[in-house]
Structure formats: C-alpha cells, structure tokens
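Student:
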Amino acid sequence: MRKWVVMVNKFFIVFRHTFITKLKSKAFFWTTLLISAAILLLVNIQTIIQFFEEDETSRIIEVYDPSEQVLPLLSQQLDVMYPGEFTLKPLSLNDQEKSKTLEEADRTGTQRVKDEVIDGYMLIEEQVGSMQAYYKDDGTTPGDHVNSLQQALNAVQFQLSTAELNLTPEQAAVLFEPMPFEFVSVADNAMTKEEYIQSFFLVYILLFAIYFSVLMYGQMVAMEVAAEKTSRVMEILISSVSPVKQLFAKILGIATLGIFQVAIFVAVGVTAIKVSGQDFELGNLQFSFADIKISLIIYALIFYVLGYLLYATLLAMVGSLVSRTEDTAQLMTPITMLFVAGFIVAMYGLQSPESTIVQVMSYIPFFSPMLMFLRIGMGAPTSVEVIISIVLLILSIILFAWIGGKVYRGGVLMYGKRPSLKDIGRAMKLR
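Numbering of the sequence shown is given in the working numbering, commencing with residue 64 and proceeding in unit increments.
(1) Taking DSSP as the reference, what is the three-state secondary structure of Asp-200?
(2) Measuring CB to CB, does Val-381 end up less than 8 Å from Leu-394?
(3) Could you tell me which residues DSSP pairs with Val-126 in its beta bridges?
(4) Counting only the same chain and skipping the five closest in sequence on each side, list residues whose C-beta sits under 7 Å from that of Phe-275.
(5) Whole angstroms is fine: what's the gap from Tyr-267's alpha carbon to Leu-413's?
(6) Using the Cβ count rule (16 or more neighbours within 10 Å means buried), how would you classify Thr-376?
(7) Output the distance between the C-alpha atoms of Glu-228 and Ala-235, rounded to the nearest integer angstrom.
(8) With a threshold of 16 other CB atoms inside 10 Å of the CB of Asp-118, please say whether the residue is buried or exposed.
(9) Three-state secondary structure (DSSP) at Gln-132?
(10) Could you check how far apart the C-beta atoms of Ile-277 and Pro-432 are, in whole angstroms? I think they sit under 8 Å.
(11) From Asp-169 to Ser-130, what does the alpha carbon distance come to, in whole angstroms?
(12) Roughly how many angstroms separate the alpha carbons of Asp-201 and Leu-141, rounded to a whole number?
(13) What would DSSP say about Gln-139, mapped onto helix, strand or coil?
(14) Do Gly-172 and Glu-240 have their C-beta atoms within less than 8 Å of each other?
(15) Quick one: grab the DSSP three-state call for Asp-118.
(16) Mind checking who Gln-195 pairs with in its DSSP beta bridge?
(17) Evaluate contact between the stretch 306 to 321 and the stretch 80 to 91, counting only Cβ atoms and requiring at least three cross-stretch pairs below 8 Å.
(18) Closer than 8 Å is the cut-off here; do at least three beta carbon pairs connect the stretch 416 to 427 with the stretch 442 to 456?
(19) By the DSSP assignment, the alpha helix (DSSP H) with Leu-369 in it spans what residues?
(20) Taking only the alpha-carbon atoms, compute the straight-line gap between Glu-245 and Ser-155 and give it to the nearest angstrom.
(21) Got a sec: does the ligand ATP put a non-hydrogen atom nearer than 7 Å to the Cβ of Ser-88?
(22) Checking 8 Å against the spacing of the C-beta atoms, do Leu-369 and Ile-457 come in under that value?
(23) Does the distance from the CB of Leu-151 to the CB of Leu-136 come in under 8 Å?
(24) In angstroms with no decimal places, state the Cα-to-Cα distance between Ala-226 and Leu-238.
(25) By a C-beta neighbour count over all protein chains shown, 10 Å radius and 16 as the cutoff for buried, is Ile-439 buried or exposed?
(26) When you compare each of Leu-265, Gly-321 and Leu-216 to Phe-92 by their alpha carbons, which one comes out closest?
(27) Name the two residues that bound the continuous alpha helix (DSSP H) containing Phe-172.
(28) From the DSSP output, in three-state form, read off Val-209 for me.
(29) Where does Ile-47 sit, in a helix, a strand or coil, going by DSSP?
(30) So, are the CB atoms of Phe-402 and Tyr-374 less than 8 Å apart?
(31) Let me confirm a value: Ala-326 is counted as buried when at least 16 other C-beta atoms fall within 10 Å, else exposed. Which label applies?
(32) Taking the C-alpha atoms as reference points, what is the distance between Ile-260 and Met-400?
(33) Does DSSP classify Met-283 as helix, strand or coil?
(34) Assign Leu-345 to buried or exposed, taking buried as 16 or more other Cβ atoms, counted over all protein chains shown, within 10 Å of its Cβ.
(35) Which residues in the same chain as Phe-406 place their Cβ atom closer than 8 Å to its Cβ, once the five residues preceding and following it in sequence are excluded?
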C-alpha cells in the first residue's frame, strides 16, 4: 500500500511540476491574452464594422446617361437599398463638352476619377432594346460597392423593361415569384432548417477548437519532453520517477492546462456574447447561442480529450527519440499531417456529412475525433455508430499508450545521431 502511495505521489509531483511550469510561462500568458482578445474582436466584429461604416462619407459617382432615364431611377433605387452610401450626379460637362461623343465623355469621366475629383464614374450606353453600364474608379479590386451598384442597376433594368411591356407591378411580380418548394425528410433523426443552421455554426466553431487545441497541446508535450532530454534534466528525472510515469504525468498535466485555458476562452466568449447580445451571421445563415445543445458540447469535450490523449501519446513518443529540440519538428510532421488530413475532410464533410469518405474515416481513430463529432453535430450517426467510434478510439489510446510507454522508456536514454521513425523499434528494445 505504501509503495502504491509513493508511486502516486511521484506521479503527481511530475504532474504538478508540468502544469505549474507551463501555467507560469510567458508563452501561456501571451497566448491566452491574444486569443481572448481575438475572441472579443470576433464577437464584436459586426459592431466594429458598423462603427467604421457609419464614419464613411457617401461615395460620389458621376453618371453619363444620354437617355436621361437611368440616372434618376438608379439614384432612387440606391437611396432605398443602400441609404447614404452613394451620391449620384450627372457627369460635369461644359456647354462645349455636352456635344461630345460617348468616347469623349468617357475620357472626361475617367480623367476626373484619376484626378480624384470624384470617387467613381459610370457610363450608361443605350443598346438595341436594352442598356449597358460601365463603371470606373481607382480601386485595385472590385469592392462591395460594385456589387451594390450592379444590384441596383438590375432593379432599374427590371423597372424599365416592365414599363416598356406595359406590365402592372402585380404582373411583373408574378414573373419573379418562386415556385413553392419544401424539403421533408423521412429520417427519424432529421433536423429542421433552424436546427441545421445552429448545428452548422456550432460544429464549425468546435471543429476549429478541437483541431487547434489537440495540435497545440500535443506538440507542447513533444517539445517539453525534447527540451528536458536536451538539457539532460531527463537523466535526473528517471533516477527518481519511472519514464512511463513521467510520460503520462506530462500528458495529463498539459491536458489539464489545456482544459483550463480553453475554459478561459469559453468564459471570455460567453461573457462577450451576453454583453453584446448579438448573433453571428454567415451569408443568410444566422446563429443564436441561446439554443446551443448541451449534448453537443459534451461530445466536443469527449472527442477533444480522447483526440488529445491519442496524439499527445504519439507526439511524446517521438519527442523522446530526439537529442535536440530542432529535430522535433521532423518527427512530428507525419503525425500532425494525419490530423491535418482529418481536418480537411471535416471541412468537406460540413456540406456532406453522410458521404462515404466521411463515414469510413469517422471510424479510424486518427480521424474520428473530428469526423465522428462532425457527424454527431449534423445529426447523421446512430448511437451504435458513435459508441463503436468511441470504443475504437479508447482501444487505440490504450494500445498506443502501451507502445508509447515502451518507446519512451528507451527513447529518453537514446542520444547521438539524427533521429528517425526507424528508431522506434530500437527504443522499444532498450530497458
């Protein structure tokens, strides 16, 4: 009994040392501060954009419209669709210039833009049975204002066309009235459109959280092991604590640190959202945090912890093989690429969660932390499928923990030549 107590005490000594050392580090402080600031910025991004947009002056655009039909309608349409954003005026021409051709007027308008007298210039050219518009400004790329002008011009074109055909507003509206269409799923676990939107946003956010957290804290384990081995601290540690205890004490110590840091980010995000009272928007999709499913958060935490334990064990294993911290990245690359591949497939799977590749890869332990969570969030898998995925992931963690413990035990004593993955077999043979 006493021997077991001593073993537990030694384990917690390394656990506490790892946690406290990382907690007090400057890297942890600045990472927490910067990511928290980024979360605050993201939550309030709509308010910030609106603040700067309110300060923007109206864009002055001169229009050359020989037909004199488009300009008044376009100005009226822009005032309705984008109030205060545009000020339209006829192209400034003197009495001699008013008789100019389209090409000459176009050169005048272009020059006024280059001289920064106006923000933009538009030429309305009358074609057979229709109008054609050309817009010029000094922007290097088409901005949002170009799309706004195009939408307003389309509305004007519609007005002119319906007037030419002597259609009433009611008759014109019928032409563009969409056919009623409704999707109904017969699946028992089908989601409504609102539930799908909620799940899409939440899964999207949590996938990024799982991806960056697992990689960041997993790599932290590898770098911690490599740094201690490089500084020869490892030789002192293994004389008092067994390498296997060190391995899992470090993994769990950094896992606790990770959960603590993520909890800070969540607290900052939730507080900022409640204070701002805003919802996120992506195109026509809106996401309200008031309807978050607790079960999805629990699954995110489960797959985050299991994914971290799997990758942290593998990364700690390769970290024990290096003699210099500079060599750590070389051995970590094949392992991190596995997780990156899973993330890429997860981004594809957001639009097609029941595709064959997503279903198959969701059972592979290296990818299931993200892909099975994705399928859960989008309402696709059955309970049996989720349980199978979690069991396979746990069994893989146990297997790699056993292999990792053997490699770690021998790897911490290996010094010398540049390491490679071939050294895993040699490390397992060392005692």
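From the three backbone atoms N, C-alpha and C, an ideal C-beta is built for every residue, glycine too.
Tutor: In short:
(1) In the displayed model, Asp-200 falls within a strand according to three-state DSSP.
(2) yes
(3) Pro-153 and Met-185
(4) none
(5) 8 Å
(6) buried
(7) The sequence given here has Leu at residue 228, not Glu. Computed Cα separation, rounded: 10 Å.
(8) Because Asp-118 sits at a pLDDT of 48, beneath the cut-off of 50, its placement in the model cannot be relied upon, and the following sentence gives the value as read from the coordinates. When all chains shown are included, Asp-118 counts as exposed.
(9) The DSSP-derived three-state label of Gln-132 is coil.
(10) Here the sequence assigns Val to residue 277, which means Ile is not the residue at that position. Contact holds; Cβ gap of about 7 Å.
(11) 15 Å
(12) 21 Å
(13) helix
(14) no
(15) Because Asp-118 sits at a pLDDT of 48, beneath the cut-off of 50, its placement in the model cannot be relied upon, and the following sentence gives the value as read from the coordinates. Looking at Asp-118 - three-state DSSP - the assignment turns out to be helix.
(16) Residue pairing by DSSP places Gln-195 opposite Glu-188 in a beta bridge.
(17) The stretch 306 to 321, when compared against the stretch 80 to 91, does touch it at the 8 Å Cβ threshold.
(18) yes
(19) That run of the alpha helix (DSSP H) goes 357 to 382.
(20) 52 Å
(21) Absence of the ligand ATP is noted for the structure shown, with no ligands found whatsoever.
(22) By the CB criterion at 8 Å, Leu-369 and Ile-457 fall inside the cutoff.
(23) Leu-151 places its beta carbon 8 Å or farther from that of Leu-136.
(24) 14 Å
(25) buried
(26) For Phe-92, the closest of Leu-265, Gly-321 and Leu-216 by C-alpha to C-alpha distance is Gly-321.
(27) Before going further, note that residue 172 is Gly rather than Phe in the sequence given. Here the alpha helix (DSSP H) through Gly-172 covers 165 to 177.
(28) helix
(29) No answer is possible for residue 47: it lies beyond the span of the chain, which begins at 64 and ends at 494.
(30) yes
(31) exposed
(32) 30 Å
(33) helix
(34) Bear in mind that the predicted position of Leu-345 carries a pLDDT of just 47, short of 50, making it unreliable; the figure below should be weighed with that in mind. Classification for Leu-345: exposed.
(35) Leu-270, Tyr-274 and Met-433, listed in sequence order.
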